[in-house]
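Residue numbers (the UniProt record's numbering): 1 to 403.
Where is the CB? At the ideal position from N, CA and C, for every residue including glycine.
Quick caveat: nothing in here was measured; it's all calculated off a predicted structure.
Here you go:
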């Protein structure tokens, strides 16, 4: 161990987090903790081990350039894509207004994830090169907690909305003659209820700080993915309940519903033309939502695996968790607009009509401009011709007296 080093790996530092806000001013050059986040309590130590938690380092909020680039790229794609979908869905008239409304609400939830990533990128720039000096204040700040709430709200509302949309298609396809379809008012109530549930899930950790601790302040990106055995039993239990309870249950419902739907489609598609025509549009929508669910599976399976391994106290590499938080969770919000709008036949038809209309307008303007140019040229030619005639006439009148 180097000279003037503090070996603190085996110490229980529970009192630092719960009893009082203590900052360590050890006269050491090196400190060794069990977890990287304890380094925030020793900002004056020159080198603190471990050097990173996979997300942050002693100098920067985001530990490497790849994470920084991914944050900005995914944030831009997520916000632009979802705002574009909201705009186009607002101007393009849809036959199923309730479905279009649900899609726009889903885009709003996904857009919050983009806002969260923009905040991460902004504060990474703000603390660049001096993160450890402000790490403790940052993870306990209102901004960090607000970002955590935005990320959790976006995640849970998106999961619940996809579950609702899947169940809606399940009832329509499996029971095509039952006319079980919520109206506009019922859909509005359900969507409002989903947002309320998501908001409650996100803010419950603030109800009892002694039990939950600093729920959103355990890492630099303020996302409560508890993958190691922490001293905050309440926080870890709540995180497990959300990710392995609510989200895993929703994921299983979605997978089970799509399995039943495709079995039902296979049985009924060959029966009658009437049935086939009636469920045709619903099948197209279901196929599109299948790819959305598939992207959700890619997004959520790594989270489920990490949480399950943490239950068995399996050591998980820090780099894996950083990619899950920065890439896998947000990338689903970035892909959703492509899957449920840009690939739809209605959107393609409307886009073709818009491009055709723009092309016709451009051709008309070119013809109009050409016609205007011809008229101006003709007017100029007439003016020149008239000027020449006037000049000749004027010249004759000037010459006549001399003769």
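Report yes if the CB atom of residue 302 is closer than 9 Å to the CB atom of residue 320, and no otherwise.
Locating residue 302 in the chain shown gives position 302, counting from the first residue. Locating residue 320 in the chain shown gives position 320, counting from the first residue. For residue 302 and residue 320, yes; Cβs fall inside 9 Å.
Which whole-angstrom value is the C-beta distance of residue 124 and residue 62, which I expect to be below 8 Å?
As a position in the chain shown, residue 124 is number 124, starting the count at 1. As a position in the chain shown, residue 62 is number 62, starting the count at 1. About 5 Å separates the two Cβ atoms, so the contact holds.
Can you give the beta carbon distance from residue 404 to residue 334, rounded, assuming they're within the 8 Å contact cut?
Residue 404 is absent from the model: the chain starts at 1 and stops at 403.
Can you give me the C-alpha to C-alpha distance between residue 197 and residue 85, rounded to a whole angstrom?
Start at 1 with the first residue of the chain shown, and residue 197 comes out as number 197. Start at 1 with the first residue of the chain shown, and residue 85 comes out as number 85. Rounded to whole angstroms, residue 197 to residue 85 spans 24 Å at the Cα level.
Hey, how far is the Cα of residue 254 from the Cα of residue 262?
Within the chain shown, numbered from 1, the residue matching residue 254 stands at position 254. Within the chain shown, numbered from 1, the residue matching residue 262 stands at position 262. Near 12 Å, if we compare the C-alpha coordinates of residue 262 and residue 254.
Tell me, to the nearest whole angstrom, how far the beta carbon of residue 194 is from that of residue 157; I am working on the premise that it is less than 8 Å.
Position 194 of the chain shown holds residue 194. Position 157 of the chain shown holds residue 157. With a Cβ gap of about 6 Å, residue 194 and residue 157 count as contacting.
Identify whether residue 1 lies in helix, strand or coil by the three-state DSSP scheme.
Mapped onto the chain shown, residue 1 falls at position 1. Model confidence at residue 1 stands at a pLDDT of 46, short of 50, so the residue's coordinates are unreliable; what they give is reported in the following sentence. In the structure shown, residue 1 sits in coil (DSSP, three-state: anything other than H, G, I, E or B).
Residue 25 to residue 152, Cα distance in whole Å?
Here residue 25 corresponds to residue number 25 of the chain shown, with the count starting at 1. Here residue 152 corresponds to residue number 152 of the chain shown, with the count starting at 1. Its pLDDT being 44, under 50, residue 25 is placed unreliably by the model, and the measurement read from it follows with that caveat. Cα-Cα distance, rounded: 35 Å.
With DSSP run on the structure shown, which of helix, strand or coil describes residue 127?
Counting from one through the chain shown, the residue named residue 127 turns up at place 127. Residue 127: coil per DSSP, three-state reduction.
Please name the residue in 203, 135, 207, 109 whose C-alpha comes closest to that of residue 59.
Indexing the chain shown from 1 puts residue 59 at position 59. Looking at the Cα atoms, 135 is the closest of the given residues.
Any chance you could list the alpha helix (DSSP H) runs of at least 4 consecutive residues sitting entirely within the region 112–158, in chain order?
DSSP runs (the alpha helix (DSSP H)) wholly in the region 112–158: 131–139.
Do you know offhand how far residue 215's Cα is from residue 223's?
For the purposes of this step, residue 215 is taken as residue 215 along the chain shown, with counting starting at 1. For the purposes of this step, residue 223 is taken as residue 223 along the chain shown, with counting starting at 1. In a straight line, the C-alpha of residue 215 is about 9 Å away from that of residue 223.
When you compare the CB positions of residue 102 and residue 171, do they come within less than 9 Å of one another, or not?
Position 102 of the chain shown holds residue 102. Position 171 of the chain shown holds residue 171. No; because the gap between Cβ atoms is not below 9 Å, this pair is not in contact.
Can the beta-carbon of residue 107 be found closer than 9 Å to that of residue 332?
In the chain shown, the residue the question calls residue 107 occupies position 107. In the chain shown, the residue the question calls residue 332 occupies position 332. No, Cβ-Cβ distance for residue 107 and residue 332 is not below 9 Å.
What would DSSP say about residue 96, mapped onto helix, strand or coil?
On the chain shown, residue 96 is found 96 positions in, with the first residue counted as 1. In this structure, residue 96 counts as coil in the three-state DSSP scheme.
Would DSSP call residue 263 helix, strand or coil?
Taking the first residue of the chain shown as 1, we reach residue 263 at position 263. Three-state result, residue 263: helix.
Report all residues from its chain with a CB closer than 6 Å to the CB of residue 234; omit the five preceding and five following residues, and keep chain order.
As a first step, residue 234 must be located in the chain shown, where it is residue number 234. Contacts found: 211, 212.
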